[in-house]
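Asks: Whatever position you read off the sequence shown (first residue = 1), add 8 for the numbering used here.
By construction, the Cβ of each residue, glycine as well, lies at the ideal position given by its N, Cα and C atoms.
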Amino acid sequence: MTTLKRTKELMSKYNIRINKDLGQNFLVDDEVIERIISEAEITKDTCVVEIGPGLGALTFPLINKCKKIVAIELDEKLASILLEEIKSDNFVLYNEDILKIDMNKVLAEFDFTDQVVVISNLPYYITTPVIFRLLENNYNIIHYVLMVQKEVGKRLTSKPRTKEYNALTVLMNYKTKTGYAFNVSKNCFIPIPNVESSVIKMKYFPLNLGIHNDKLFLKFISDIFANRRKTLVNNISASNSISKSNLNKYLVDNNYKETIRSEELTLIDIANIYKGLFQNE
Ligand code: SAM
């Protein structure tokens, strides 16, 4: 059965109303589904974490191809439908929020020696926080194959001083090697979204920048891009207790303009400024 047919049948069988607030755009193109699975390099031994399985566009074809799937779906109704429709010992579903779930609990579903891959047609409204969450720790995941908004794909290769360059670009540069895989037309989804999509493949590959507390550094990256209209100093002082005069002095002493904006800084600049301000040795 095609994914389009199955999706339509499930929608009518369970009287599903799409929840746009949860970014529900169901993928219904079998060729795209096959390409995503192929990018993920799934074998019978691979274990999969799927974020937002929805009506199972990726889950159904994956279930017979891999060792085990652990899916995390926030929508209670979709979660119960999947549990009803997929009766397999290899399928575990958490009806939880990917931004809150304990990832160690998810990964404990697999054996220590298993190779784990994350696959998701991401709910676009939380792309950035999800990627920040996934990269907070080294979860020993081989790679991530993610469908994202095409704009996000562009951020991967964007340079400072461009409109695409933001916290996500900096984070990806710092923590990953990420490549763009292919574009997906909006016509491959129901309902048809407003934006085009891209599939990216991301590998955890952190650079050693001498950061002692990674969590604080990731928060710093988020903080300094929080408000694009503000200067670096104003963004830092909005979320930290350092006075603006001390920040200005630090910047001038280190040959940066007081009025500099975060999008003008490379990853190395950002790491140096962070270390200068928050790391004392
Ligand atoms: N994987 C399905 C597909 O490709 O057709 C659905 C993808 S849809 C773009 C995103 C899915 O993520 C929806 O099923 C939505 O309910 C779910 N979702 C939204 N927010 C979530 C969250 N915070 N945690 C887990 N799942 C979430």
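Output the residue ranges of the beta strand (DSSP E) runs that lie fully inside the region 35-61 and measure 3 residues or longer, sorted by chain position.
Replies: Runs found: 54-59.
Asks: Let me know if residue 83 comes out buried or exposed under the rule of 16 or more other beta-carbons within 10 Å of its beta-carbon.
Replies: Here residue 83 refers to the residue found at position 75 of the sequence shown. Per the 10 Å Cβ criterion, buried.
Asks: According to DSSP, what are the bridge partners of residue 184?
Replies: What you label residue 184 is simply residue 176 of the sequence shown in a count that begins at 1. DSSP, once it has assigned bridges, lists 212 as partnering residue 184.
Asks: With contact counted as at least three CB pairs below 8 Å, one residue from each stretch, are the region 205-215 and the region 153-168 in contact?
Replies: They touch, by the three-pair rule.
Asks: Just verifying my parser: in three-state terms, what is the DSSP assignment at residue 65?
Replies: If you number the sequence shown from 1, residue 65 lands on position 57. DSSP places residue 65 in coil when its eight states are reduced to three.
Asks: Nearest-angstrom Cα distance between residue 267 and residue 241?
Replies: Here residue 267 is taken as the residue at index 259 of the sequence shown, counted from 1. Here residue 241 is taken as the residue at index 233 of the sequence shown, counted from 1. If I take the Cα positions, the gap works out to 7 Å.
Asks: Can you grab the Cα-Cα spacing for the pair residue 66 / residue 16, in whole Å?
Replies: Along the sequence shown, read from residue 1 onward, the residue named residue 66 stands at position 58. Along the sequence shown, read from residue 1 onward, the residue named residue 16 stands at position 8. Distance between the alpha carbons of residue 66 and residue 16 is about 15 Å.
Asks: Give me the residue from 251, 237, 217 with the minimum Cα distance to residue 274.
Replies: Against the sequence shown, residue 274 aligns to sequence position 266. Comparing Cα positions, the closest option is 217.
Asks: Where residue 271 and residue 9 are concerned, what is the direct C-alpha to C-alpha distance, given to the nearest angstrom?
Replies: For this step, residue 271 is matched to residue 263 along the sequence shown. For this step, residue 9 is matched to residue 1 along the sequence shown. Distance between the alpha carbons of residue 271 and residue 9: 48 Å.
Asks: Only counting runs of 3 or more residues, tell me where the beta strand (DSSP E) segments fall wholly within the region 140-208, in order along the chain.
Replies: Counting whole runs of 3 or more residues, the region 140-208 contains the beta strand (DSSP E) stretches 149-157, 184-192.
Asks: I'd like the list of long-range same chain contacts for residue 179, defined as Cβ closer than 8 Å, with 5 residues on each side in sequence excluded.
Replies: Taking the first residue of the sequence shown as position 1, residue 179 is located at position 171. Taken in chain order, the residues that qualify are 139, 140, 143, 226, 229.
Asks: So, is residue 92 buried or exposed, given that buried needs 16 or more other C-beta atoms within 10 angstroms?
Replies: Locating residue 92 in the sequence shown gives position 84, counting from the first residue. It counts as exposed.
Asks: Please report the Cβ distance between residue 160 and residue 56, rounded to the nearest whole angstrom; I am assuming they are in contact, meaning their Cβ atoms lie under 8 Å.
Replies: What you label residue 160 is simply residue 152 of the sequence shown in a count that begins at 1. What you label residue 56 is simply residue 48 of the sequence shown in a count that begins at 1. Between residue 56 and residue 160 the Cβ distance is about 21 Å, and since that is not below 8 Å, they are no contact.
Asks: Is residue 31 near ligand 1, judged by its Cβ being under 7 Å from some heavy atom?
Replies: As a working note, residue 31 is residue 23 in the sequence shown. Because some heavy atom of ligand 1 lies under 7 Å away, the Cβ of residue 31 counts as near it: yes.
Asks: So what does residue 76 bridge to, in DSSP terms?
Replies: As a first step, residue 76 is located in the sequence shown; it is residue number 68 there, counting from the start. Bridge partners of residue 76: 55.
Asks: Comparing alpha-carbon positions, which option in 118, 79, 195, 54 lies nearest residue 130?
Replies: Here residue 130 is taken as the residue at index 122 of the sequence shown, counted from 1. If we check each option's Cα against that of residue 130, 79 comes out closest.
Asks: Can you tell me whether residue 290 is buried or exposed, with buried defined as 16 or more other CB within 10 angstroms of its CB?
Replies: Lying outside 9 to 289, the shown extent of the chain, residue 290 is not represented and no answer is given.
Asks: I'd like the ranges of any beta strand (DSSP E) spanning at least 3 consecutive residues and lying wholly in the region 81-109.
Replies: 99-102, all fully within the region 81-109.
Asks: First and last residue of the beta strand (DSSP E) that includes residue 268?
Replies: Position 260 of the sequence shown, counted from the start, is the residue given in the question as residue 268. No beta strand (DSSP E) contains residue 268, which DSSP labels as neither H nor E.
Asks: So what does residue 129 bridge to, in DSSP terms?
Replies: To locate residue 129, count along the sequence shown from 1; it is residue 121. DSSP lists 155 as partners of residue 129.
Asks: Give the DSSP bridge partners of residue 123, in chain order.
Replies: By one-based count along the sequence shown, residue 123 stands at place 115. Partner(s): 54.
Asks: Going by DSSP, what residue range makes up the alpha helix (DSSP H) through residue 245?
Replies: Walking along the sequence shown from the start, residue 245 turns up at place 237. First-last of the alpha helix (DSSP H) with residue 245: 240-247.
Asks: Just to confirm, are residue 71 and residue 98 a CB contact at a threshold of 8 Å?
Replies: Taking the first residue of the sequence shown as position 1, residue 71 is located at position 63. Taking the first residue of the sequence shown as position 1, residue 98 is located at position 90. Their beta carbons are under 8 Å apart, which means residue 71 touches residue 98 by this criterion.
Asks: Roughly how many angstroms lie between the CA atoms of residue 258 and residue 187, to the nearest whole one?
Replies: Taking the first residue of the sequence shown as position 1, residue 258 is located at position 250. Taking the first residue of the sequence shown as position 1, residue 187 is located at position 179. Distance between the alpha carbons of residue 258 and residue 187: 36 Å.
Asks: State the DSSP-derived secondary structure class of residue 279, mapped to helix, strand or coil.
Replies: For the purposes of this step, residue 279 is identified with residue 271 of the sequence shown, where counting begins at 1. Helix.
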